[in-house]
Amino acid sequence: MIQLLFLVAISILFSNAYSQEFYKNITSTSCICSTVPCPTSGYNYLTTGGGAVGKYYYSYHNGYPVITSASITITSSNLDTGTDTTSCTQDYSRMLDDDGIQNCDAGHILANRLGGPGNQPINIFPQDSSINRGVWAQFEGNIYDCIKGGASSASLSWKFYYETTEHTKPYKATYSATYIGGSCVKVSETFNN
Numbered sequence: 001m002i003q004l005l006f007l008v009a010i011s012i013l014f015s016n017a018y019s020q021e022f023y024k025n026i027t028s029t030s031c032i033c034s035t036v037p038c039p040t041s042g043y044n045y046l047t048t049g050g051g052a053v054g055k056y057y058y059s060y061h062n063g064y065p066v067i068t069s070a071s072i073t074i075t076s077s078n079l080d081t082g083t084d085t086t087s088c089t090q091d092y093s094r095m096l097d098d099d100g101i102q103n104c105d106a107g108h109i110l111a112n113r114l115g116g117p118g119n120q121p122i123n124i125f126p127q128d129s130s131i132n133r134g135v136w137a138q139f140e141g142n143i144y145d146c147i148k149g150g151a152s153s154a155s156l157s158w159k160f161y162y163e164t165t166e167h168t169k170p171y172k173a174t175y176s177a178t179y180i181g182g183s184c185v186k187v188s189e190t191f192n193n
């Protein structure tokens, strides 16, 4: 009798409108990294090299959790405490690179030099290498210089944009920084990807 009630409860659960998303959340194996936490739909929290905790929001696109926004406040204790990407996070970003070429960089959301872990898929997204190593890196360098130059903290935020919910690589991202102390002013820039 208990088994019958259990089966009825399960069938009701999986017949409602939310069952497909629930089932996808509990059975997702979309991350190929096995030794570190992988992103899940909703809020993900990640402690960085200097001890700050980043808040990353992921949504499902085409069966994969993809980054839609993130935020963190960093201080000088975060500088130069991040890590490089690994073969796992590089493979992870290329898995999400949906332009058919799969030659993207494993872009740090929070930069390595700002304390961002490169070995954590939660802090990685598929990024065009020319952007990652060009204007994005320059923007991150300015944040680094502002903190080194006297800002006591920087509140950073990102918003990622996708052409449709079928796409897993953002086509652009907005990166914003607000400072406390020092002479740097609030900045925000949108980058193509």
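Residue numbers for the sequence shown, in full-length UniProt numbering: 1 to 193.
Think of the CB as a built atom: it goes at the ideal place given N, C-alpha and C, for glycine as much as any other residue.
Since the model is a prediction, treat every value here as computed from it, not as a measurement.
- Per the C-alpha coordinates, the member of GLY49, ASP145, GLY63 positioned closest to THR40 is GLY63.
- Taking C-beta separations shorter than 8 Å and ignoring five residues to either side along the sequence, the partners of GLY82 in its chain run THR48, GLY49, HIS108, LEU110, ALA111, ASN112, ARG113, LEU114, GLY115, GLY116, PRO117, GLY118, following chain order.
- Excluding sequence positions up to five before and after ASP98, its CB lies within less than 7 Å of the CB of HIS167, THR168, LYS169, all in the same chain and listed in chain order.
- Residues THR85, THR89, TYR92, SER93, ALA106, GLY107, HIS108, ILE109, GLY118 of the same chain have their beta carbon placed closer than 8 Å to that of ILE124, with the five preceding and five following residues left out of the count.
- Burial is judged here by how many other beta carbons sit within 10 angstroms of a residue's own beta carbon; PRO121 has at least 16 and is buried.
- Annotation for GLN127: the continuous beta strand (DSSP E) segment containing it runs 124-127.
- Positions of the alpha helix (DSSP H) runs, each at least 4 residues long and wholly inside the region 55-135, are given as 87-96, 129-132 in order along the chain.
- Put simply, the backbone Cα of TYR57 is about 5 Å away from that of GLY42.
- Assignment of beta-bridge partners to VAL53 by DSSP yields THR47.
- As DSSP reads the structure, LYS169 sits in no beta bridge.
- LYS159 is bridged by DSSP to SER69, THR174.
- Around the beta-carbon of VAL53, fewer than 16 other beta-carbon atoms lie within 10 Å, marking it exposed.
- Beyond the five residues adjoining it in sequence on each side, TYR60 comes within less than 6 Å, by CB distance, of SER41 in the same chain, given in chain order.
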